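*Asks:*
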Amino acid sequence: MFGRIKRGYNEYPASFKVLTLATFIDQIGTFLLYPFFALYITTRFSVGLPEVGILFGIFSAGNLIGGFLGGGLADKFGRRFIILFGMIVSGVGSILMGLAADLLTFYILAACLGLIGSLGGPARQAMVVDLLPPEKETQGFAIMRIAFNLSAVIGPILGGFLATRSYMLLFVSDAISSLFTAVLVFLVIPETKPKDIETEEKSVIETLSGYKEVLKDGVFVSFCLVSVLLSLVYLQMNSTLPVFLRDMYGFSEQNFGFLLSMNAAMVVLFQLWIAEKISKYDPMKMMALGALFYMVGFGMYGFISEFYLFFVAMIIVTIGEMIVSPVSQKAVAKLSPKDKRGRYMGMLGFTWTIPSIFGVYLAGLVSVYIGPNWIWYFGGIICFISAIGYYLLRKVAKERFIREEDAQENDEIELVEI
Numbered sequence: 578m579f580g581r582i583k584r585g586y587n588e589y590p591a592s593f594k595v596l597t598l599a600t601f602i603d604q605i606g607t608f609l610l611y612p613f614f615a616l617y618i619t620t621r622f623s624v625g626l627p628e629v630g631i632l633f634g635i636f637s638a639g640n641l642i643g644g645f646l647g648g649g650l651a652d653k654f655g656r657r658f659i660i661l662f663g664m665i666v667s668g669v670g671s672i673l674m675g676l677a678a679d680l681l682t683f684y685i686l687a688a689c690l691g692l693i694g695s696l697g698g699p700a701r702q703a704m705v706v707d708l709l710p711p712e713k714e715t716q717g718f719a720i721m722r723i724a725f726n727l728s729a730v731i732g733p734i735l736g737g738f739l740a741t742r743s744y745m746l747l748f749v750s751d752a753i754s755s756l757f758t759a760v761l762v763f764l765v766i767p768e769t770k771p772k773d774i775e776t777e778e779k780s781v782i783e784t785l786s787g788y789k790e791v792l793k794d795g796v797f798v799s800f801c802l803v804s805v806l807l808s809l810v811y812l813q814m815n816s817t818l819p820v821f822l823r824d825m826y827g828f829s830e831q832n833f834g835f836l837l838s839m840n841a842a843m844v845v846l847f848q849l850w851i852a853e854k855i856s857k858y859d860p861m862k863m864m865a866l867g868a869l870f871y872m873v874g875f876g877m878y879g880f881i882s883e884f885y886l887f888f889v890a891m892i893i894v895t896i897g898e899m900i901v902s903p904v905s906q907k908a909v910a911k912l913s914p915k916d917k918r919g920r921y922m923g924m925l926g927f928t929w930t931i932p933s934i935f936g937v938y939l940a941g942l943v944s945v946y947i948g949p950n951w952i953w954y955f956g957g958i959i960c961f962i963s964a965i966g967y968y969l970l971r972k973v974a975k976e977r978f979i980r981e982e983d984a985q986e987n988d989e990i991e992l993v994e995i
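Using this note's numbering, the first residue of the sequence shown is number 578, and each one after it goes up by one.
1. In terms of residues, what are the limits of the alpha helix (DSSP H) holding residue 915?
2. Can you grab the Cα-Cα spacing for the pair residue 658 / residue 735, in whole Å?
3. Can you list, in chain order, the residues of its chain with a C-beta nearer than 7 Å to that of residue 632? Leave out the 5 residues immediately preceding and following it.
4. Residue 920 to residue 970, Cα distance in whole Å?
5. Span of the alpha helix (DSSP H) holding residue 701?
6. Excluding five sequence neighbours on each side, which residues of the same chain lie with their C-beta closer than 6 Å to the C-beta of residue 752?
7. Taking one C-beta from the stretch 815 to 832 and one from the stretch 918 to 932 each time, how about it: are there three or more such pairs within less than 8 Å?
8. Under a three-way DSSP split, which group does residue 898 fall into?
9. Would you call the stretch 942 to 952 and the stretch 848 to 856 in contact, with 3 or more CB pairs under 8 Å?
10. With a 10 Å radius around its C-beta and 16 neighbouring C-beta atoms as the bar for buried, classify residue 679 as buried or exposed.
11. Is the number of C-beta pairs between the stretch 724 to 743 and the stretch 925 to 942 that are closer than 8 Å three or more?
12. Answer with buried or exposed for residue 591, where buried requires no fewer than 16 other C-beta atoms within 10 angstroms of its C-beta.
13. Among 607, 762, 653, 790, whose alpha-carbon lies nearest the alpha-carbon of residue 695?
14. For residue 895, which residues in the same chain have their Cβ closer than 6 Å to its Cβ, ignoring the five residues on either side in sequence?
15. Out of curiosity, what's the CA-to-CA distance linking residue 887 and residue 742?
16. Tell me where the alpha helix (DSSP H) around residue 961 begins and ends.
17. With 16 other CB atoms within 10 Å as the buried threshold, where does residue 909 fall?
18. Please go through the same chain and pick out, in chain order, the residues whose beta-carbon is closer than 7 Å to the beta-carbon of residue 973, but skip the five residues on each side of it.
19. Taking C-alpha atoms, which residue in 756, 833, 712, 914 lies nearest to residue 980?
20. Which residues in the same chain as residue 833 place their Cβ atom closer than 7 Å to its Cβ, once the five residues preceding and following it in sequence are excluded?
21. Nearest-angstrom Cα distance between residue 813 and residue 642?
22. Considering only residues of the same chain and omitting the five flanking positions on each side of residue 866, which have a CB-CB separation below 7 Å?
23. So for residue 742, helix, strand or coil by DSSP?
24. Using the Cα positions of residue 574 and residue 893, report the straight-line distance between them to the nearest angstrom.
25. I need the straight-line Cα distance from residue 604 to residue 732, nearest angstrom please.
26. Taking C-alpha atoms, which residue in 637, 770, 600 lies nearest to residue 649?
27. Would you mind working out which of 635, 624, 967, 636 sits nearest residue 804, comparing C-alpha positions?
28. Which residue comes first and which comes last in the alpha helix (DSSP H) that contains residue 658?
29. Grab the span of the alpha helix (DSSP H) containing residue 814 for me, first residue to last.
30. Here's the rule: buried if 16 or more other CB atoms are within 10 angstroms of the residue's CB, otherwise exposed. What is residue 870?
31. Could you spell out where the alpha helix (DSSP H) holding residue 592 opens and where it closes?
32. Where does residue 876 land, buried or exposed, given buried means 16+ other C-beta within 10 angstroms?
33. Rounded C-beta distance between residue 836 and residue 762? I'm assuming under 8 Å.
Here is the structure:
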């Protein structure tokens, strides 16, 4: 299997390989720090879970704004510049957070870090599309996802080791990973922003106002709305699910760690293979299929109580995840005009950050006023609604895919003639 992955990986350009490596290194820093935020502030500032909730809400709000700005800025100033800016400032911000003397300062820095740290996300996604031919995009996003999940396996283990010695080591290590990655990108990866765009926008305000055009794209906005519903359920996996399993069935934190490690390991081992198998099928049908896997997997948690079935449900969820994640980015790449690609990717990021602000709070209300199991009953229903939504979008989305492909081919023909 790894031989096949290596052979497939060798088919990609050098800049893409370096971008994948840079993502892996940068995300190790993220994953060694982020899971320990709650433990750090409860220990450092002697606060409880309400303050932890405020922290994650602030951080998610920063991510939302950063994703919005990052897409437009990537289209204006270039993918490489925005990635470098985000990494350098994030590295400095991590050090400052570790030195924060009071909770308010920590909150302010968390908001800034969430905002600036997310600037590079849309730029990185747009760079993948810039670097790869259309037939390789789905597999390319899958490879990036493998790098992301390898970081998710290694980061928390390394973070736990460092946290037992000093929490400050977490912030320093995150800063080192960000700054090292910035140097790597600066030295090896060229700017990939298309240079053949006829209508250059003249200012940052005009560039960001291009989001108005994105919001007028009914097909894309519909896709995002359906994706928000799906993300609302998926995001419970790292927040509500561990508390539910612990309180209802005595499922320990260590066992939940094994559950998440299995999820990440499956993605590392099988993501590229699944992406290759589904790349030839209609993206909207594949999104619907992935949503149905989510429906079954998350819905199961409302009915099961056996230890091994918790892992079976996670396997089903992970299969859905390996379908939804690369295909959603591929679908957005196919829907987006090349001069607005960064903004389209930025809007896709909103489908994750918006639910992350209020999703856990809503799940808590359901648990208190209706019952804990109803979180997963409602989750299954929402996933089913999402599957229907994706399936209904298949015809209009296919027409858009064809139109955007024709427009890109015409641009290439004009360049050849020139």
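Note that CB positions come from ideal geometry on N, CA and C, so glycine has one too. Nothing here was measured: the structure is a model prediction, and the numbers come from that model.
*Replies:* For this structure:
1. For this step, residue 915 is matched to residue 338 along the sequence shown. No alpha helix (DSSP H) contains residue 915, which DSSP labels as neither H nor E.
2. What you label residue 658 is simply residue 81 of the sequence shown in a count that begins at 1. What you label residue 735 is simply residue 158 of the sequence shown in a count that begins at 1. Distance between the alpha carbons of residue 658 and residue 735 is about 30 Å.
3. By one-based count along the sequence shown, residue 632 stands at place 55. The residues are 614, 618, 684, 687.
4. If you number the sequence shown from 1, residue 920 lands on position 343. If you number the sequence shown from 1, residue 970 lands on position 393. Straight-line Cα distance between these residues: approximately 21 Å.
5. Position 124 of the sequence shown, counting from 1, holds the residue named residue 701. Unbroken alpha helix (DSSP H) run through residue 701: 697 to 708.
6. Start at 1 with the first residue of the sequence shown, and residue 752 comes out as number 175. Within the same chain, Cβ atoms closer than 6 Å to the Cβ of residue 752 are found at 668, 671, 672, the five residues on either side in sequence being excluded.
7. no
8. For the purposes of this step, residue 898 is taken as the residue at position 321 of the sequence shown. Three-state result, residue 898: helix.
9. Taking a contact to require three or more Cβ pairs closer than 8 Å, the stretch 942 to 952 and the stretch 848 to 856 do not qualify as touching.
10. The count along the sequence shown starts at 1 and reaches residue 679 at position 102. Residue environment for residue 679: exposed (fewer than 16 other C-beta atoms within 10 angstroms of its C-beta).
11. no
12. Taking the sequence shown and counting its residues from 1, the one referred to as residue 591 is at position 14. Exposed, since its Cβ has fewer than 16 Cβ neighbours within 10 Å.
13. Locating residue 695 in the sequence shown gives position 118, counting from the first residue. Nearest C-alpha to residue 695: 607.
14. Here residue 895 is taken as the residue at index 318 of the sequence shown, counted from 1. For residue 895, where only same-chain residues beyond five positions count, the Cβ hits under 6 Å are 840, 843.
15. The count along the sequence shown starts at 1 and reaches residue 887 at position 310. The count along the sequence shown starts at 1 and reaches residue 742 at position 165. Distance between the alpha carbons of residue 887 and residue 742 is about 33 Å.
16. Translated into positions along the sequence shown, residue 961 becomes position 384. Run containing residue 961: 951 to 969, per the alpha helix (DSSP H) assignment.
17. For the purposes of this step, residue 909 is taken as residue 332 along the sequence shown, with counting starting at 1. Looking at its Cβ environment, which holds 16 or more other Cβ atoms inside 10 Å, residue 909 is buried.
18. Locating residue 973 in the sequence shown gives position 396, where the first residue counts as 1. So the list reads 796, once near-sequence residues are dropped.
19. For the purposes of this step, residue 980 is taken as residue 403 along the sequence shown, with counting starting at 1. Nearest option by C-alpha distance: 914.
20. Translated into positions along the sequence shown, residue 833 becomes position 256. Result list for residue 833: 819, 822, in chain order.
21. What you label residue 813 is simply residue 236 of the sequence shown in a count that begins at 1. What you label residue 642 is simply residue 65 of the sequence shown in a count that begins at 1. So the alpha carbons of these two residues sit roughly 22 Å apart.
22. Here residue 866 corresponds to residue number 289 of the sequence shown, with the count starting at 1. 900, listed in sequence order.
23. By 1-based counting over the sequence shown, the position of residue 742 is 165. In the structure shown, residue 742 sits in coil (DSSP, three-state: anything other than H, G, I, E or B).
24. With the chain covering only 578 through 995, there is no way to say anything about residue 574.
25. As a first step, residue 604 must be located in the sequence shown, where it is residue number 27. As a first step, residue 732 must be located in the sequence shown, where it is residue number 155. Taking the straight line from one Cα to the other gives about 8 Å.
26. Working through the sequence shown from its first residue, we reach residue 649 at position 72. Closest by alpha carbon: 770.
27. One-based indexing of the sequence shown puts residue 804 at position 227. Here the closest residue by C-alpha is 967.
28. Residue 658 sits at position 81 when you count from the first residue of the sequence shown. Taken as a continuous stretch (DSSP letters only), the alpha helix (DSSP H) holding residue 658 covers 656 to 676.
29. For the purposes of this step, residue 814 is taken as the residue at position 237 of the sequence shown. Residue 814 -> no alpha helix (DSSP H), and no H or E assigned at all.
30. As a working mapping, residue 870 is identified with position 293 in the sequence shown. Looking at its Cβ environment, which holds 16 or more other Cβ atoms inside 10 Å, residue 870 is buried.
31. For the purposes of this step, residue 592 is identified with residue 15 of the sequence shown, where counting begins at 1. Its alpha helix (DSSP H) spans residues 591 to 610.
32. What you label residue 876 is simply residue 299 of the sequence shown in a count that begins at 1. Burial call: buried.
33. Counting from one through the sequence shown, the residue named residue 836 turns up at place 259. Counting from one through the sequence shown, the residue named residue 762 turns up at place 185. The pair is not a contact, with the Cβ atoms about 34 Å apart (cut-off 8 Å).
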